Each structure stands twice: as structure tokens, then as C-alpha cells.
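Structure first, commentary second.
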Amino acid sequence: MHPVLLTGPRLTIREFHHVPRDIDALHAIFGDPEAARYLSFEPRDREDCADQVALYLDEAEKEPRTVFRLAVTLTGDGEDAVPLGNAVLGIEGTEAQRAAFIGYALRRDAWGLGYATETARMLCDFGFGELGLHRLAARLDPANLASARVLRKVGFQLEGRIRDDLHLRGEWHDALQYSLLEHEWSPAGTRVGG
Numbered sequence: 002m003h004p005v006l007l008t009g010p011r012l013t014i015r016e017f018h019h020v021p022r023d024i025d026a027l028h029a030i031f032g033d034p035e036a037a038r039y040l041s042f043e044p045r046d047r048e049d050c051a052d053q054v055a056l057y058l059d060e061a062e063k064e065p066r067t068v069f070r071l072a073v074t075l076t077g078d079g080e081d082a083v084p085l086g087n088a089v090l091g092i093e094g095t096e097a098q099r100a101a102f103i104g105y106a107l108r109r110d111a112w113g114l115g116y117a118t119e120t121a122r123m124l125c126d127f128g129f130g131e132l133g134l135h136r137l138a139a140r141l142d143p144a145n146l147a148s149a150r151v152l153r154k155v156g157f158q159l160e161g162r163i164r165d166d167l168h169l170r171g172e173w174h175d176a177l178q179y180s181l182l183e184h185e186w187s188p189a190g191t192r193v194g195g
């Protein structure tokens, strides 16, 4: 595995570690009904979050790697920093298509501080830079106005509404599809290392 380490102005995005600190941090997001309300699954218990971190590590070992599920931490807190969020970039389609989706989720105490925007920018830098992608996409619940603002701020454009995209909690939910192309992206100065 070639570990991912992205450093931005305030945040560092790194691999998850299968340790209590990272599992508890993921559970603080995925287990919180308010933080998970726009995610594509029901809130998860701690054991499910431990399983998720194990899955993330398995995905990181695949060659070629097609899914990057990463921990978002504060830059000054070092390698052992407690994650305040998670970020994902997943390669889609064939190698020739050079396309991926991104996503992010933060614990509630990290909302409203610009961390989602910085995380999205770092994922774009990584995708268009190191991975050489042509297109990034993101889907979100139409009621998730904060995430829609983040995507627009980063430069994503709304492509349209996907009707009945997800069946969850006994009902169908639409999604909004956003995208950003490599020639539309202006790098934000993220340092890639690892």
C-alpha cells in the first residue's frame, strides 16, 4: 500500500488506522443520527464502524487501488490526531474515463468552520493532480444545502436531479448530481506526501 497523506492549510487527510481512536472518531460521525442524516445508510454502531475501518484498510491494499477512504484531522495535531471527519474518493468506470466520485462527512462540532470546503478542495487536488483524473462527481441529498454550498464554492456544477436514487428508512430519496472537470479546476496548494 502506498499511504495517502494530504496536507492543507488547516487539515491533514491520511489513512485510517484500526485503533480505538480512529474507530471512535468514525463512530462519532456515522453513529450520530444528526451527522449521518444525509448519508446513504442508517446510523452505525461502534462495531460496524470498526468493521468499516477494517474494510478501508483492505481497500487500501488492492492493486490498483480504486477507493480511498481517508481520515480528516487537524494539521497541527500530528499522525496520532483524532479524526474529525472522513473523506472518500472512488474511481469509477474504466481507466480511460479517468472519473471518480468524492464525498465527505464531519462530526457535528466541526460543522460551519470551512473544513468541508477544505476537504473537498484537497480531494480535488489529489484527484486531478496525483491521480490524473478528468472528472469528479458528487451526489447529495437535495435537502443538504450546506454540502451543496461547499460543492459550488469549490467549483462543481449541478448536472441534475436523480429521481428515486436511494431507498432508505422505508422511502425513496432523490439525489442531486454535481461534477467538476479537470480544466475547470484551479489547484488550492495541497501538499501530497506519504
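The numbering used here numbers the first residue of the sequence shown as 2 and each following residue consecutively.
Don't be surprised by glycine CBs; every beta carbon is placed ideally from N, CA and C.
Since the model is a prediction, treat every value here as computed from it, not as a measurement.
Just verifying my parser: in three-state terms, what is the DSSP assignment at residue i?
i    : result
E64  : coil
F69  : strand
D81  : coil
A149 : helix
L134 : coil
Y57  : helix
L6   : strand
L90  : strand
G195 : Caution applies to G195, whose pLDDT of 48 falls short of 50 and renders its modelled position unreliable; the model cannot decide the point.
H174 : strand
Are the Cβ atoms of residue i and residue j separated by less than 8 Å?
i    : j    : result
L12  : T74  : yes
C50  : F69  : no
A121 : L71  : no
D126 : P188 : yes
Is it buried or exposed for residue i, if we count other Cβ within 10 angstroms and need 16 for buried?
i    : result
T95  : exposed
R15  : buried
E119 : buried
F42  : exposed
G104 : buried
D110 : exposed
E35  : exposed
Under 8 Å by Cβ, that's how I've got residue i and residue j pegged, so tell me the actual separation to the nearest angstrom.
i   : j    : result
Y39 : L182 : Not confirmed; about 25 Å, so no contact.
To which residues does DSSP link residue i through a beta bridge?
i    : result
S180 : A138 and Q158
W186 : Per DSSP, none; premise fails for W186.
L12  : L75
F102 : G91 and A138
H168 : W173
I163 : A176
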